Amino acid sequence: MLIFGGSLSKVLASRIAKRLNKEASVAEVFRFPDGEKRIRIRENVLDQDCVIVHSTALLPDEAYMEVFIMVDALKRSGAKSVTVAMPYMGYSRQDHVFRDGEDVSLEVMIKLLEATGVDKFIAFDLHSIRIPELFSIPVIHLSALPIFAEKIKKEFKLNEIVLVSPDMGGIRRIKEISEMLGNIPYATIEKNRDLVNGEINDSGLNGDVRGKIAVIVDDMISTGITMVDAAELLVKNGAIKVFAYATHAVFSKGTDELLQKSKIEKVVVSDTIVMPIYFLFPKLEVVSIAEVAAEALKISNF
Ligand code: R5P
Numbered sequence: 091m092l093i094f095g096g097s098l099s100k101v102l103a104s105r106i107a108k109r110l111n112k113e114a115s116v117a118e119v120f121r122f123p124d125g126e127k128r129i130r131i132r133e134n135v136l137d138q139d140c141v142i143v144h145s146t147a148l149l150p151d152e153a154y155m156e157v158f159i160m161v162d163a164l165k166r167s168g169a170k171s172v173t174v175a176m177p178y179m180g181y182s183r184q185d186h187v188f189r190d191g192e193d194v195s196l197e198v199m200i201k202l203l204e205a206t207g208v209d210k211f212i213a214f215d216l217h218s219i220r221i222p223e224l225f226s227i228p229v230i231h232l233s234a235l236p237i238f239a240e241k242i243k244k245e246f247k248l249n250e251i252v253l254v255s256p257d258m259g260g261i262r263r264i265k266e267i268s269e270m271l272g273n274i275p276y277a278t279i280e281k282n283r284d285l286v287n288g289e290i291n292d293s294g295l296n297g298d299v300r301g302k303i304a305v306i307v308d309d310m311i312s313t314g315i316t317m318v319d320a321a322e323l324l325v326k327n328g329a330i331k332v333f334a335y336a337t338h339a340v341f342s343k344g345t346d347e348l349l350q351k352s353k354i355e356k357v358v359v360s361d362t363i364v365m366p367i368y369f370l371f372p373k374l375e376v377v378s379i380a381e382v383a384a385e386a387l388k389i390s391n392f
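The numbers in the sequence shown follow the numbering used here, run straight up by one, and end at 392.
Given below as structure tokens:
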């Protein structure tokens, strides 16, 4: 099995390869003056199972395009199979029509991936549990939740904490991690977003957090507003401290500062999106999903 890293996920590809006692393989990415890219595979991939690790974040359109042409380069070079491991799947929030006249960009990305000839797809904590159903190729849906559960067990006395989902869409996730921790209590926040600009209009809390350490668990942090607003609501409702866990750090400009200045004590994210150095801040801790991805690759019929 050969592991190739896309331009934005080289570090993660090396971490995964290392856990499989391999070196990540090299695909040459050449950029023309007008911005177009050309991929060249410099290794012999004939009859080999190949894996492309590339999260489509930070520059999602560019990252997707690179995946499409890398799959093509591998197929043309005779690869036996191509698996795309996309630890963070860009456009996964656009999985249905919110208002008349809109596109469903996630479906477009899936169609394009399949059209290039991808054989198998690996993802982490997809925004909705139904996304794998949109594919016609096999999808292995992995999660950072077991890593978070282990960390929570080590860092807290379980009877002192309450898990919190910052929105109703995260109920399945919060129930799952509560089960992993022995069915500890959880609370949920009802958050209403404006469909035009995505801003949060209002939110309310279901459940009791008084005198507890609140541990918010979400699939992603983007602007950071969901986490910061949730932390304020939890403190207002009597939580003594607030911690935030999220699989994907889809940070945008200012997220780092907002989280650092917030009521949150510590923000734990995974390395599905390898963090540019300018997004690091003192309250941030990054855990790796490399082991989980490597184990899945070991047992996925290669
Ligand atoms: C929403 O449904 C997601 O689960 C996250 O809560 C959301 O994407 C976070 O966005 P932001 O950090 O911009 O509030």
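In this text, a Cβ means the ideal position worked out from N, Cα and C, and glycines have one as well.
Just so you know, these numbers come straight off a predicted model, no measurement behind them.
Taking a contact to mean a Cβ-Cβ separation below 9 Å, would you say V174 touches K210 in this structure?
Yes; because the gap between Cβ atoms is below 9 Å, this pair is in contact.
Quick one: what's got a C-beta closer than 8 Å to G125's C-beta in the same chain, skipping five residues either side?
If we look at G125 and ignore the five residues flanking it on each side, it has no Cβ neighbours.
Is the beta carbon of I221 closer than 9 Å to that of A213?
Against a cut-off of 9 Å, the Cβ pair of I221 and A213 comes out as a contact.
Taking contact to mean 3 or more Cβ pairs, one atom from each stretch, closer than 8 Å, check whether the segment 150 to 159 and the segment 110 to 130 are in contact.
Enough Cβ pairs lie closer than 8 Å, so yes.
What are the uninterrupted segments assigned as alpha helix (DSSP H) that are 4 or more residues long and contained completely in the segment 115 to 169, given in chain order?
DSSP runs (the alpha helix (DSSP H)) wholly in the segment 115 to 169: 150 to 166.
Identify, in the order they occur along the chain, each residue of the same chain with its Cβ nearer than 8 Å to the Cβ of F158, setting aside the five sequence neighbours on each side.
Within the same chain, F158 has close Cβ partners L202, L203, T206.
Hey, could you find the ends of the alpha helix (DSSP H) A103 is sitting in?
Segment 100 to 109, the alpha helix (DSSP H) holding A103.
Can you have a look at M258 and say buried or exposed, based on whether 16 or more other CB atoms are within 10 angstroms of its CB?
It is exposed - the Cβ of M258 has fewer than 16 other Cβ atoms within 10 Å.
Closest to F246 by C-alpha separation, out of V305, L324, I230, S342, would be which residue?
The shortest C-alpha separation from F246 is found at V305.
Which residue or residues does DSSP assign as beta-bridge partners of V208?
In the DSSP output, where bridge partners are listed per residue, V208 has none listed.
Under three-state DSSP, which class holds I354?
Strand at I354.
Looking at the secondary structure, which residues open and close the beta strand (DSSP E) in which F371 lies?
Taken as a continuous stretch (DSSP letters only), F371 belongs to no beta strand (DSSP E), as it is neither H nor E.
Around the C-beta of G294, are 16 or more other C-beta atoms found within 10 angstroms, so that it is buried, or is it exposed?
That one is exposed.
Closer than 8 Å to a non-hydrogen atom of the ligand R5P - does that hold for the CB of H231?
No, since every heavy atom of the ligand R5P falls outside the 8 Å radius drawn around the Cβ of H231.
Express the C-alpha separation of K353 and E322 in angstroms, rounding to a whole number.
One C-alpha to the other measures close to 7 Å.
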